[in-house]
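Peer 1: Provided herewith is a single structure, encoded as structure tokens, for subsequent inquiry.
Number of protein chains: 4
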Amino acid sequence: MRRQREREQRFNTILRAAETLFADKGYHQTSMEQIADLAEVSVGTVYFYFKNKEDLLLKLMEEIGFHLRKMVGSAFREADASLDGIRDAGMVFFKEFCIKNPERLSIFFREATGQSARLEEQRKKQFGKLTDDLVDALERVSARRKIQYPSPISAELMAVSIMGIYERVACHFMLWQDRSDEILTIAEDAVAFTIGGVTNLMTLGKAKQPDDG
Amino acid sequence: MRRQREREQRFNTILRAAETLFADKGYHQTSMEQIADLAEVSVGTVYFYFKNKEDLLLKLMEEIGFHLRKMVGSAFREADASLDGIRDAGMVFFKEFCIKNPERLSIFFREATGQSARLEEQRKKQFGKLTDDLVDALERVSARRKIQYPSPISAELMAVSIMGIYERVACHFMLWQDRSDEILTIAEDAVAFTIGGVTNLMTLGKAKQPDDG
Amino acid sequence: MRRQREREQRFNTILRAAETLFADKGYHQTSMEQIADLAEVSVGTVYFYFKNKEDLLLKLMEEIGFHLRKMVGSAFREADASLDGIRDAGMVFFKEFCIKNPERLSIFFREATGQSARLEEQRKKQFGKLTDDLVDALERVSARRKIQYPSPISAELMAVSIMGIYERVACHFMLWQDRSDEILTIAEDAVAFTIGGVTNLMTLGKAKQPDDG
Amino acid sequence: MRRQREREQRFNTILRAAETLFADKGYHQTSMEQIADLAEVSVGTVYFYFKNKEDLLLKLMEEIGFHLRKMVGSAFREADASLDGIRDAGMVFFKEFCIKNPERLSIFFREATGQSARLEEQRKKQFGKLTDDLVDALERVSARRKIQYPSPISAELMAVSIMGIYERVACHFMLWQDRSDEILTIAEDAVAFTIGGVTNLMTLGKAKQPDDG
DNA sequence: GATGAATGAGGCTTCATTCAT
DNA sequence: CATGAATGAAGCCTCATTCAT
Chain A
233 MRRQREREQR
243 FNTILRAAET
253 LFADKGYHQT
263 SMEQIADLAE
273 VSVGTVYFYF
283 KNKEDLLLKL
293 MEEIGFHLRK
303 MVGSAFREAD
313 ASLDGIRDAG
323 MVFFKEFCIK
333 NPERLSIFFR
343 EATGQSARLE
353 EQRKKQFGKL
363 TDDLVDALER
373 VSARRKIQYP
383 SPISAELMAV
393 SIMGIYERVA
403 CHFMLWQDRS
413 DEILTIAEDA
423 VAFTIGGVTN
433 LMTLGKAKQP
443 DDG
Chain B
233 MRRQREREQR
243 FNTILRAAET
253 LFADKGYHQT
263 SMEQIADLAE
273 VSVGTVYFYF
283 KNKEDLLLKL
293 MEEIGFHLRK
303 MVGSAFREAD
313 ASLDGIRDAG
323 MVFFKEFCIK
333 NPERLSIFFR
343 EATGQSARLE
353 EQRKKQFGKL
363 TDDLVDALER
373 VSARRKIQYP
383 SPISAELMAV
393 SIMGIYERVA
403 CHFMLWQDRS
413 DEILTIAEDA
423 VAFTIGGVTN
433 LMTLGKAKQP
443 DDG
Chain C
233 MRRQREREQR
243 FNTILRAAET
253 LFADKGYHQT
263 SMEQIADLAE
273 VSVGTVYFYF
283 KNKEDLLLKL
293 MEEIGFHLRK
303 MVGSAFREAD
313 ASLDGIRDAG
323 MVFFKEFCIK
333 NPERLSIFFR
343 EATGQSARLE
353 EQRKKQFGKL
363 TDDLVDALER
373 VSARRKIQYP
383 SPISAELMAV
393 SIMGIYERVA
403 CHFMLWQDRS
413 DEILTIAEDA
423 VAFTIGGVTN
433 LMTLGKAKQP
443 DDG
Chain D
233 MRRQREREQR
243 FNTILRAAET
253 LFADKGYHQT
263 SMEQIADLAE
273 VSVGTVYFYF
283 KNKEDLLLKL
293 MEEIGFHLRK
303 MVGSAFREAD
313 ASLDGIRDAG
323 MVFFKEFCIK
333 NPERLSIFFR
343 EATGQSARLE
353 EQRKKQFGKL
363 TDDLVDALER
373 VSARRKIQYP
383 SPISAELMAV
393 SIMGIYERVA
403 CHFMLWQDRS
413 DEILTIAEDA
423 VAFTIGGVTN
433 LMTLGKAKQP
443 DDG
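The listed protein sequences correspond, in order, to chains A, B, C and D. Read left to right, the first sequence gives residues 233 to 445 (the working numbering). Read left to right, the second sequence gives residues 233 to 445 (the working numbering). Read left to right, the third sequence gives residues 233 to 445 (the working numbering). Read left to right, the fourth sequence gives residues 233 to 445 (the working numbering).
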């Protein structure tokens, strides 16, 4: 069992090294040797724990996706079916996740993009899970309020839109510029924008309902 | 003169070949030889017109950025200072640009990401211009309505958010899935979401104003 | 005939451009395009006047070799059969040629070395002519003084040695360091060294003569 | 340990292959693939041991420079402060070094010339060390004999001249022509020339001394 | 399990030379 | 004669991956 623990530690050390380097210099600009060097293991060892270079990024995406869902997704689930879940999730994302894990932002939203087809698949999958969480939350809200969104894909569209807001706002204010000191304002405005969007679609939907009934 | 024209045509043929291949198989998965082959010129000719491979993508980004501004940006400028500009721009983006130029979406939002530092700089620049157009439009609206947004960065944040919505919605429904047949609904819902977000921030701003006065 | 003159001028302009660039950045680091640019003609024109890139260096070597022989070689010929010819030649080489034509030194002694086989042949030929001049001068001296050098190849060896001294001293003090201000001392010492060498071989030869008679 | 030894052997095999090819066909005419082939390793392996092609020549120059100093330089040091050191060194250079290592002559005096700037730097450095050895020897002679050379740079100039003689005589009789069978005569004449030159400058210096006192 | 030397395919880029206009 | 766009062979180098020790 000590073996087991050591193995997991190694696995982690290597993944952390990859994370740092991918975020710092970019996926393509990082070589397996550099990862091995930073993790203080040999190249062969990296290949013992990970199938190949792509696998490292795949695993990182999984990990970050899971991390995001845990933080952001749980805000939805814990919240009752009001819009508070949306609000809380946004706050957690900007004020917690972005501030504490800028390198994860970089990997999840930037480095994993424009690479191989399998990576794109993984991105799709991870984004999909987060989107699904959001769709669930949004549908619970509409169910509770007994309203219908204007179109059958409204919930999905809103979820995707919210993801887009998170992504671009984070990239813009955290990666391209470093304005983490303004994060409170950013978070509040962004969340307000989000809430406004959802509310508007709910209003439009309600207006539509008589047609349906 | 004919020389000049032929030169420009050649330049274009090569750029079109690069566009097609980058969008299709990805930037890294495309070799200079493949581009030369598709353009029906020799490798040397590609290098006569473009400094290197990166330069091809740089030039494409510029072109697409310009194209986007022309289509989307002009919607803002032509509109009076109401939210109609925002609405029109969204409609143009989804119903015109996305439908007609999926490969440009792919390049602008996907392939140019996660590559070299200079490319990231270019992305920043092109996104910046589009964002600036949006900020202008949003500030004209607030000026006309004599209101103030809740925070000094609200306009910028909204602009960035809207860009995020465009980006992700386009990637989700056009690139990851092909749901171009639902584009009308998508466009309407997305624009409604956008308008809702802006409206909400205007409302919050207005509410704040008495404090300021 | 104006045609003729213009042609020669073009030929010269191009050769001067090549000379400058070869001396400055080196033969391999200079491209035909750069030569054409500096000469303010098109690449095609360079190829009209010179067979290829190597030809440019070949012609330059010839020109410089001729120049050297004219300056240095004539000192031998004009001098009577004393060692004054050797002395004068050295003085002319260091005080005139080196000072006024550092770029020719660079090409003749450096850039033309370590390139193609044909270039090496040309070097050999040009060095050969200069060596022959020297051999002639040295043999005239021995004939006049009715002495014999210690070995049948002594004259050749001295000629080669003197060339070696010229070459390395020039490279050392003009190209590697810039000590042209000390050129007077350099020239005098170098010539004295040369004269000493020749004198010594004459002495040794004389001593040997009784054995031969 | 065996690993270590094998590594060094590999390093050497590759360097020997480069040496042979550079001397034979020239630096620019040799490709990395050819070197790898001759060394019976893959191209990648060459790059594992050497940074790049230039590095191979750089390392060779260092090695040859060291070799030359060991053989020629030690003759100076071992000799007492008479001119015998100069004589012995010359003999060793022509009769040992040139005969046994013609390919090293080719590389040191020919191939490393007229290439990149860094290579020229290395040439300067290696020549500098040899020159310094000679300067030392010459100054010890003058100190012992209590004489002064005619000028403050006489020692340096003589050292450079002697290097020039070695270089050109070796190139002329070993590389351009193959007259290794006459090496004894060549060596004796060349050394006599050298000794004559040094002696002459000593005489001139002595003659000057009364003026100085 | 760990190591790290070895591999070699594949990519980017340069540039001397040609030739239609 | 002059031009300069086009060619394409050839070279350097990288780096993900493997495997014997």
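Backbone N, C-alpha and C fix where the C-beta goes; we use that ideal spot for every residue, glycine too.
Considering only C-alpha positions, which residue in the set V324(C), Q409(C), F280(C) is nearest to I246(C)?
Peer 2: F280(C)
Peer 1: How about L436(A) and P382(A): are their beta carbons less than 8 Å apart?
Peer 2: yes
Peer 1: Would you identify the three-state DSSP class for S274(B), choosing helix, strand or coil?
Peer 2: coil
Peer 1: Counting only the same chain and skipping the five closest in sequence on each side, list residues whose C-beta sits under 7 Å from that of G258(A).
Peer 2: In its chain, beyond the 5 residues on either side, E343 have a beta carbon closer than 7 Å to the beta carbon of G258(A).
Peer 1: Would you tell me roughly how many angstroms separate the C-alpha atoms of V367(C) and R377(C), rounded to the nearest one?
Peer 2: Looking at the two C-alpha atoms, the distance is approximately 15 Å.
Peer 1: Indicate whether at least one CB of chain C lies closer than 8 Å to the CB of F425(D).
Peer 2: Answer yes: the Cβ-Cβ gap between F425(D) and chain C drops below 8 Å somewhere.
Peer 1: Cα-Cα, which of I418(C), E420(C), S386(C), S348(C) is closest to T417(D)?
Peer 2: S386(C)
Peer 1: With distances taken Cα to Cα, identify the nearest neighbour of A271(A) among S338(A), K361(A), T252(A).
Peer 2: T252(A)
Peer 1: For V392(A), would you say it is in contact with chain B, using Cβ-to-Cβ distances shorter than 8 Å as the test?
Peer 2: Under the 8 Å criterion on CB atoms, V392(A) is classed as interfacial with respect to chain B.
Peer 1: Three or more C-beta pairs closer than 8 Å, one from the segment 345 to 365 of chain D and one from the segment 298 to 307 of chain D: is that the case here?
Peer 2: yes
Peer 1: I believe G390(C) touches L407(C) by the beta-carbon criterion, under 8 Å. Please report the beta-carbon distance rounded to the nearest angstrom.
Peer 2: According to the sequence as given, residue 390(C) is Met; it is not Gly. Actually they do not touch by this definition, with Cβ atoms about 25 Å apart.
Peer 1: Would you tell me roughly how many angstroms separate the C-alpha atoms of C330(C) and R237(B), rounded to the nearest one?
Peer 2: 52 Å
Peer 1: Could you have a look at T417(C) and say whether DSSP puts it in helix, strand or coil?
Peer 2: helix
Peer 1: Considering only residues of the same chain and omitting the five flanking positions on each side of Q358(D), which have a CB-CB separation below 6 Å?
Peer 2: M293, G297
Peer 1: Is the Cβ of V401(D) closer than 8 Å to any Cβ of chain C?
Peer 2: yes
Peer 1: Within the 8 Å Cβ cut-off, does N333(C) reach chain D?
Peer 2: In terms of beta-carbon proximity, N333(C) stays away from the interface with chain D, with every pair separated by 8 Å or more.
Peer 1: Which class does N284(B) belong to by DSSP, given the choice of helix, strand or coil?
Peer 2: Per DSSP, reduced to three states, the secondary structure at N284(B) is coil, with no helix or strand assignment.
Peer 1: Any beta-carbon of chain D closer than 8 Å to the one on D444(C)?
Peer 2: Interpretation of D444(C) is limited by its pLDDT of 47, a score under 50 that renders its predicted location unreliable; the figure taken from the coordinates is listed afterwards. By this cut-off, D444(C) is not an interface position.
Peer 1: Check whether the segment 414 to 431 of chain C touches the segment 320 to 327 of chain C, taking contact to mean three or more Cβ pairs, one atom from each stretch, closer than 8 Å.
Peer 2: yes
Peer 1: On the CB-based measure, 16 or more other CB atoms within 10 Å of its CB, does M233(A) come out buried or exposed?
Peer 2: exposed
Peer 1: Taking beta-carbon pairs under 8 Å, can you tell me which members of the segment 334 to 351 of chain C lie near chain D?
Peer 2: R342, E343, A344, T345, G346, Q347, S348, A349
Peer 1: Find the nearest neighbour of K285(C) within the set S393(C), A419(C), A249(C), L300(C), judged by alpha-carbon distance.
Peer 2: Checking every option, the nearest Cα to that of K285(C) belongs to A249(C).
Peer 1: Suppose only complete runs of 4+ residues qualify. What are the alpha helix (DSSP H) ranges in the segment 305 to 334 of chain A, listed by chain order?
Peer 2: 306 to 310, 316 to 323
Peer 1: What does I187(A) touch in chain B if you count any residue whose Cβ is under 8 Å from its own?
Peer 2: Any question about residue 187(A) goes unanswered here, given that chain A covers just 233 to 445.
Peer 1: Which value, in whole angstroms, describes the spacing of the CA atoms of E265(D) and S274(D)?
Peer 2: 8 Å
Peer 1: Name the residue from E240(C), K356(C), M434(C), Q409(C) whose alpha carbon lies nearest to the alpha carbon of V456(C).
Peer 2: In the structure displayed, chain C extends from 233 to 445; residue 456(C) sits before or after that span and is not available.
Peer 1: Hey, I397(D) and G322(C): beta-carbon distance below 8 Å or not?
Peer 2: no
Peer 1: Between which two residues does the alpha helix (DSSP H) harbouring G360(B) extend?
Peer 2: 349 to 376
Peer 1: Classify G445(D): buried if its beta carbon has 16 or more other beta carbons within 10 angstroms, exposed otherwise.
Peer 2: Its pLDDT being 38, under 50, G445(D) is placed unreliably in this model, and the value from its coordinates should be taken loosely. Answer is exposed; the Cβ neighbour count stays below 16.
Peer 1: Which of the three DSSP states, helix, strand or coil, is assigned to H260(C)?
Peer 2: The DSSP-derived three-state label of H260(C) is coil.
Peer 1: Taking buried to mean at least 16 other C-beta atoms within 10 Å of its own C-beta, is A268(B) buried or exposed?
Peer 2: buried
Peer 1: Give the single residue among S314(D), R411(D), R336(D), G346(D) whose Cα lies nearest to the Cα of K430(D).
Peer 2: Position check: residue 430(D) holds Val in this sequence, whereas Lys was assumed. The candidate whose alpha carbon is nearest that of V430(D) is S314(D).
Peer 1: So what's D444(C) in DSSP terms, helix, strand or just coil?
Peer 2: Residue placement at D444(C) is poorly supported in this model, since its pLDDT is 47, which falls under 50; the coordinates still yield a value, given next. In the structure shown, D444(C) sits in a helix (DSSP, three-state: H, G or I).
Peer 1: Would you report the Cα separation of R355(C) and F282(A), rounded to the nearest angstrom?
Peer 2: One C-alpha to the other measures close to 59 Å.
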